[in-house]
């Protein structure tokens, strides 16, 4: 049986809505204990023995089994359970109450593809496979459209048919992109990509249904044309083996348990787990040290970075990082360069994860936008290694750019947040000391400028915000992570006291900046009261480093005198010039 497209979709959880996964998804992050680490070790061991891993919080079992596990796992949370062989009855497609509701854009895309099939006289069934089906059944939007083709139709050939159809209807279409097979990167079949430019800019991947067979001593399979059932059972997880048949407008569950596992939030292999792992050794990475070492070369760094980014942007980044750490994959996923200063220690993974947990708890407490929360999680994760370098370069830049292949703008933002957080730490200590300038690393005063005592905090905060701009709240949050931990009255550690103390510091500094009218200081387009020529004229000097020094001094003066005028500024410089002559 198949499920009709017009059946009710799984609703997107909203505040107050009933969510079948709420009971397990909304619990607070767990503190990792020695006991929980032992349980993780047992989980890895049972995976080797053929027991499936069904932990559904954003889990790195997916990364180690196959990178597509990660996207699937980020939707679930469930216990570990055993899974025996499927009975013949289990291979039938069961009826469910849920279905897929297509967006208007998806209807247009699929309608156009069916036009190609009918106009070209093809007998091909078009099936959307994998993550798109899973996400749509969960009520999530997805643009990751992968279409599996039957009737001995290849992706390249079908894209050729699309091109011919577009010529008939008089529409322009760019040439399809052909992605060759690359066994060294676990890509065993040629894929064709195309986007229907008259409808959308979404890229659609086409590949034929296939079966895979592995030789005993090789991880590169023999690939042959397959049936829909063979293609479904070769996949990593039952929830990724679901098809949406565009021709019949129905969901196909050819393993007989994909829909049920999706409903229960289970991560399950279509075949007995041991068979799946032995078929493709890459899927055994979480429990095999040898495969761990080669993980970076078997799955592209771009794909690893993409999946990590999904985790960081999702609801449970802390749990995801805990799984990566507990499975011994932290230094595989976040590969460090060689010869770092200081050297990488075994405990760095624990330090990094403890920081992201603290940042998550604080961000949840004070509120944070989705995009800023993503940068906050990355910044917190790498806070313990923010000062680590290699060949005089920041290690954080290497991890973001080389290990995860994320945008250079992300690396730049994170490095800026770290630098500003250190300055915020100075500001916090200054405030805690009731304005003692001896606590500040860089005293804003010099022999030409003496800032009024009641304006020192404004100058320190203003200089900081002019550098970090709209990321200042993230930098402030990260800076509180380095503040001494709070303790209860009897001297024992209290996580809640620590959170409350950090929140108190954050709110105090944020309020100070707001009260000083600095929260948007970098947006004020007034510019300096005097430019370089004005400064040279007042001082009677030519171009050179002295002009730059006075420009920097002028910014401090303006922050200390927010209502100061250009004439007052000139008078200050003249007086400073006279003081220099007297000295």
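Residue numbers (the UniProt record's numbering): 1 to 583.
For every residue, glycine included, the Cβ atom is placed at its ideal position computed from N, Cα and C.
Roughly how many angstroms lie between the CA atoms of residue 574 and residue 414, to the nearest whole one?
41 Å
By Cβ distance below 7 Å, which residues in the same chain neighbour residue 159 in space, the five residues on each side in sequence not counted?
176, 192, 194, 206
Identify whether residue 450 lies in helix, strand or coil by the three-state DSSP scheme.
When DSSP states are grouped into helix, strand and coil, residue 450 belongs to the coil group.
Going by DSSP, which residues form a beta bridge with residue 539?
According to DSSP, residue 539 bridges with nothing at all.
Where residue 248 and residue 234 are concerned, what is the direct C-alpha to C-alpha distance, given to the nearest angstrom?
23 Å
Under 8 Å: do the segment 349-369 and the segment 490-510 share three or more Cβ pairs, one atom per stretch?
yes
Comparing C-alpha positions only, which one of 338, 370, 447, 320 sits nearest to residue 585?
Within the shown structure, residues of the chain are numbered from 1 to 583, placing residue 585 beyond reach of any answer.
Extract the residue ranges of the alpha helix (DSSP H) inside the segment 374-448, only unbroken runs of 4 or more that lie entirely within it.
395-398, 408-432
Which of helix, strand or coil does DSSP assign to residue 359?
Of the three classes helix, strand and coil, the one that applies to residue 359 here is helix, per DSSP.
Under 8 Å, do residue 202 and residue 126 count as touching if we go by C-beta distance?
No. Outside cutoff.
Under the rule that 16 or more other beta-carbon atoms within 10 Å means buried, what is residue 357, buried or exposed?
buried
Is the beta carbon of residue 150 closer than 8 Å to that of residue 124?
yes
Once you ignore the five residues that flank residue 198 on each side, which residues in its own chain have a CB closer than 6 Å to its CB?
A distance below 6 Å between beta-carbons, with the five flanking residues on each side excluded, links residue 198 to the following residues of its chain, in chain order: 171.
Skipping 5 residues on each side, what residues in its chain have a beta carbon closer than 6 Å to that of residue 445?
451
Closer than 7 Å to a non-hydrogen atom of the ligand ZN - does that hold for the CB of residue 229?
Absence of the ligand ZN from the depicted structure is noted, as is the absence of any ligand whatsoever, leaving it without description.
By Cβ distance below 7 Å, which residues in the same chain neighbour residue 416 in space, the five residues on each side in sequence not counted?
Non-local beta-carbon contacts of residue 416 in its own chain, meaning distances under 7 Å to residues more than five positions away in sequence, involve 468, 471 in chain order.
Express the C-alpha separation of residue 428 and residue 393 in angstroms, rounding to a whole number.
28 Å
Going along the chain, which residues of its own chain have a beta-carbon closer than 7 Å to the beta-carbon of residue 503, five neighbours each way excluded?
362, 365, 366
Tell me where the alpha helix (DSSP H) around residue 165 begins and ends.
155-168
So the candidates are 229, 224, 239, 400; which of them puts its Cα closest to the Cα of residue 308?
400
What residues in its chain sit with their C-beta under 7 Å from that of residue 381, if we drop five residues either side in the sequence?
321, 352, 355, 356
Assuming contact is defined by CB atoms lying nearer than 8 Å, are residue 340 and residue 390 in contact in what I supplied?
Closer than 8 Å, so yes.
If I follow the unbroken beta strand (DSSP E) through residue 319, where does it start and stop?
Where residue 319 is concerned, there is no enclosing beta strand (DSSP E), although the alpha helix (DSSP H) it sits in stretches over 317-326.
DSSP puts residue 212 in a beta bridge; with which residues?
Per DSSP, 223.
Do you know how far the Cα of residue 325 is from the Cα of residue 39?
Only weak support exists for where residue 39 lies, its pLDDT of 35 falling under 50; the coordinates are left without a value.
Shorter than 8 Å from the beta carbon of residue 340 to some beta carbon of chain C?
Note that chain C does not occur in the displayed structure, where there is just one protein chain.
Could you name the residues that DSSP lists as bridge partners for residue 193?
177, 205
Going by DSSP in three states, residue 335 sits in which element: helix, strand or coil?
coil
Hey, is the segment 526-534 in contact with the segment 560-568, meaning 3+ C-beta pairs nearer than 8 Å?
yes
Given a cut-off of 8 Å, decide if residue 510 and residue 476 are closer than it, judged by their beta-carbon atoms.
A contact, by the Cβ cut-off of 8 Å.
Looking at residue 223 and residue 212, is the spacing between their C-beta atoms short of 8 Å?
yes
Taking just the CA atoms, how far does residue 376 sit from residue 347?
22 Å
Please state the DSSP three-state secondary structure of residue 147.
strand
Please report how far the alpha carbon of residue 163 lies from the alpha carbon of residue 261, in whole angstroms.
A direct Cα-to-Cα measurement between residue 163 and residue 261 gives close to 39 Å.
On the three-state DSSP scale, how would you describe residue 341?
strand
Would you identify the three-state DSSP class for residue 518, choosing helix, strand or coil?
coil
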